[in-house]
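If you count the sequence shown from 1, position 20 lands on 1434 in this note's numbering, and the numbers rise without skipping. Cβ atoms here follow ideal geometry from the backbone N, Cα and C, with glycine treated the same way.
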Amino acid sequence: MVQCTFRGKLACILVLVLSSASNAAEKDATASSKKAKDGSELVRLETEQSRIADELLSVEATLGAIERKVYGARLQVGLDSETSE
């Protein structure tokens, strides 16, 4: 049985969240761009894509901060960062 570290679990969650949001945004942008009749819809889509990218970066930064806090806490109690939970 494979034991996952907390870092590994966070990385898996991050990949799933980013992939899901990216795929949803791409599908929405593709569908909407096909229906766009003028440049204003394209501008709206680019703005929305930029907003989603900013949110994803924020999520990634938050998960990184959580990972650093957990790693620090594990060091304080004497656990190795590679020890599984």
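Contact check, residue i vs residue j, beta carbons under 8 angstroms
i: Ile1466; j: Ala1439; result: yes
i: Ala1443; j: Leu1459; result: yes
i: Phe1420; j: Val1484; result: yes
i: Leu1470; j: Leu1424; result: no
Three-way DSSP call (helix, strand, coil) for residue i in this model
i: Val1484; result: helix
i: Thr1419; result: coil
i: Gly1453; result: helix
i: Gly1478; result: helix
i: Val1491; result: coil
Reference residue i, options the options, closest by Cα
i: Cys1426; options: Arg1458, Glu1474, Glu1455 and Val1457; result: Glu1474
i: Leu1430; options: Leu1477, Ala1487 and Ser1464; result: Leu1477
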